[in-house]
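J.: If you count by this note's numbering, then the sequence shown holds residues 13 to 349, one letter each, in order.
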Amino acid sequence: MRKQIILSGFCALLAVSPALAQEHNNHHSNHGEHTYGPIGVMGEHPHSKGEWMTSYSYNTMQMKGNRNDNSRVNVSQVLNDFMVSPTKMTMQMHMFGLMYGVSDRLTLMGMLPYNSISMDHVNRMGVAFTTKSEGIGDAKLTGLYTLYQQGHRRFMLNAGLSFPTGSIDERDDTPAGSNQKLPYPMQLGSGTYDILPGVTYVDGIGKWSWGSQLNAVVRLGENDNNYTLGNQYGLTAWGARKINRYASASLRLDGKTWGNIDGSDSQLNPAMAPTARTDLRSGERVDMLVGVNLVAPDGKFKGNRLAIEAGTPVYQKLDGPQLETDYRLTIGWQLTF
Ligand SMILES: [Cu+2]
13 MRKQIILSGF CALLAVSPAL AQEHNNHHSN HGEHTYGPIG VMGEHPHSKG EWMTSYSYNT
73 MQMKGNRNDN SRVNVSQVLN DFMVSPTKMT MQMHMFGLMY GVSDRLTLMG MLPYNSISMD
133 HVNRMGVAFT TKSEGIGDAK LTGLYTLYQQ GHRRFMLNAG LSFPTGSIDE RDDTPAGSNQ
193 KLPYPMQLGS GTYDILPGVT YVDGIGKWSW GSQLNAVVRL GENDNNYTLG NQYGLTAWGA
253 RKINRYASAS LRLDGKTWGN IDGSDSQLNP AMAPTARTDL RSGERVDMLV GVNLVAPDGK
313 FKGNRLAIEA GTPVYQKLDG PQLETDYRLT IGWQLTF
């Protein structure tokens, strides 16, 4: 029921856009002045030929409590089936990016994340413990190609590759022993080369702008530990309004679905914790996010953009028990030159 409301919200947002665009007449595309999507959306803006952009963003996601399907599951229920139950997970990602306009139609984008993951647990003896992993994640190289452009309206093709630079051999001490292999969600990368296809649509009129992106993560082959993470498919749509010359505010829906793990890491015991089970990984989620964008169109800070976006799930269904997402936050800085 709730899912239907959200999906019809998506459709409504997409349906109003061509109608609004019809009124589009007195608009000029301003060279060097971009209409950005929310900071949490990747590859939503192109660069003109010869233009560079460097960026840094801090991303965090907080997950607390377990969920199976649509309902909460308490720790004692998880401990009926497993020796250990996760209770909380905090993911932090520092993302460094570089963009370059090869031509007015083609923009290249490179990204390198630095991940820091912490998970709290409790076991059947009532002992609470925390495991941590930290390091470089999977580096990504993406191309953004404009298929069609008229005024602010643009259809773009995203095509990228994710490289297995993140570790899949992270270990830490647990009550079961020292230097234990950490389960799947604590690893820093996928271990596989992943294809990142997508299509992006952006448009705008007057103080308003909006857009939508369909994206996917398709895993190729099997990693060195004999497993493949599930593919991921996402659809997001947003609307934004300028508040003044420097600031704009956005509202976004972000829907995602991801699969279970194929194969398994033989160093993990699936009876230990649900996080070590390859068949308890999939799920789907729709987040609602609000964002603020600050840009300097001219003056001393010209080319700088500072943005924040935060949100919480409005729908989540997990093949659990899995930790549920409570909120996510992105703070980013970009410099175009
Ligand atoms: Cu850029």
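Built from N, CA and C at the ideal position, the CB exists for glycine as well.
Values in this document were obtained by computation on a predicted structure and should not be read as measured data.
Relative to ligand 1, is the shortest distance from any of its heavy atoms to the C-beta of Met103 smaller than 7 Å?
T.: No, the beta carbon of Met103 sits no closer than 7 Å to any heavy atom of ligand 1.
J.: Which whole-angstrom value is the C-beta distance of Asp132 and Ser202, which I expect to be below 8 Å?
T.: Between Ser202 and Asp132 the Cβ distance is about 24 Å, and since that is not below 8 Å, they are no contact.
J.: Below 7 Å, is the gap between the Cβ of Met123 and the nearest heavy atom of ligand 1?
T.: Not under cutoff, so the answer is no.
J.: Quick check: what's the CA-CA separation for Asn326 versus Thr287?
T.: The amino acid at residue 326 is misidentified as Asn; the sequence shows Val. C-alpha separation (whole angstroms): 23 Å.
J.: According to DSSP, simplified to helix, strand and coil, what is Asn92?
T.: In this structure, Asn92 counts as helix in the three-state DSSP scheme.
J.: Got a list of residues with beta-carbon closer than 5 Å to any non-hydrogen atom of ligand 1, in chain order?
T.: The set, ordered by position in the chain, is Met65 and Met111.
J.: What does DSSP give as the partner residue(s) for Met111 in the beta ladder?
T.: For Met111, which the question treats as bridged, DSSP gives the partners Met65 and Met121.
J.: With distance defined between alpha-carbon atoms, name the residue in Arg231, Gly113, Gly216 and Val214 nearest to Asp206.
T.: Answer by Cα proximity: Arg231.
J.: Buried or exposed: where does Lys193 fall if 16 or more other Cβ atoms within 10 Å of its Cβ makes it buried?
T.: Burial call: buried.
J.: Pick helix, strand or coil for Ile18, following the three-state DSSP scheme.
T.: Since pLDDT at Ile18 reaches only 44, below the 50 mark, its modelled position is unreliable, and the value read off the structure follows with that caveat. If DSSP states are grouped into helix, strand and coil, Ile18 belongs with the helices.
J.: Ordered along the chain, which non-local residues of its own chain (more than five positions away) have a Cβ less than 6 Å from that of Tyr160?
T.: Here the set comprises Phe167.
J.: Under a three-way DSSP split, which group does Tyr327 fall into?
T.: Of the three classes helix, strand and coil, the one that applies to Tyr327 here is strand, per DSSP.
J.: Between which two residues does the beta strand (DSSP E) harbouring Met168 extend?
T.: Where Met168 is concerned, the enclosing beta strand (DSSP E) stretches over Arg165 to Ser174.
J.: Could you check whether the stretch 59-68 touches the stretch 77-90, counting it as contact only if at least three pairs of C-beta atoms, one from each stretch, sit closer than 8 Å?
T.: As far as the Cβ criterion goes, the stretch 59-68 does not touch the stretch 77-90, which means the pair count is below three.
J.: Could you spell out the range, first to last residue, of the beta strand (DSSP E) harbouring Pro50?
T.: Taken as a continuous stretch (DSSP letters only), Pro50 belongs to no beta strand (DSSP E), as it is neither H nor E.
J.: Judging by CA-CA distance, which residue of Val114, Met137, Gly344 and Lys329 is the nearest neighbour of Met95?
T.: Taking only the C-alpha atoms, the option nearest Met95 is Met137.
J.: Count the other C-beta atoms from every protein chain shown that fall within 10 angstroms of the C-beta of Arg264, then say buried if there are 16 or more, exposed otherwise.
T.: Result: buried.
J.: Is it true that the CB of Tyr258 sits closer than 8 Å to the CB of Ala308?
T.: A contact, by the Cβ cut-off of 8 Å.
J.: So, at 6 Å on beta carbons, what are the nonlocal neighbours of Leu347 in its own chain, with the 5 sequence-adjacent residues on each side left out?
T.: If we look at Leu347 and ignore the five residues flanking it on each side, its Cβ neighbours are Thr66, Gly315 and Asn316.
J.: Which residues in the same chain as Thr47 place their Cβ atom closer than 7 Å to its Cβ, once the five residues preceding and following it in sequence are excluded?
T.: Closer than 7 Å at the Cβ level, and outside the excluded window around Thr47, lie His164, Val214, Gly216 and Ser221.
J.: Which residues bound the beta strand (DSSP E) around Pro286?
T.: Neither: Pro286 is in no beta strand (DSSP E) and is coded neither H nor E.
J.: Whose C-alpha, out of Thr143, Asn127 and Tyr126, is nearest the C-alpha of Val134?
T.: Here the closest residue by C-alpha is Thr143.
J.: Drop a sphere of 10 angstroms on the beta-carbon of Trp250, count the other beta-carbons inside from all chains shown, and report buried for 16 or more, exposed for fewer.
T.: Counting Cβ neighbours within 10 Å, Trp250 comes out buried, since at least 16 surround it.
J.: Only counting the same chain, and skipping five residues up and downstream in sequence, which positions put a Cβ closer than 8 Å to that of Leu280?
T.: Excluding positions up to five away in sequence, the list reads Lys193, Pro195, Tyr196 and Ala288.
J.: Thinking just about the alpha-carbon of each residue, which of Val298, Glu336, Glu321 and Pro282 is nearest to the one in Thr342?
T.: It is Glu321.
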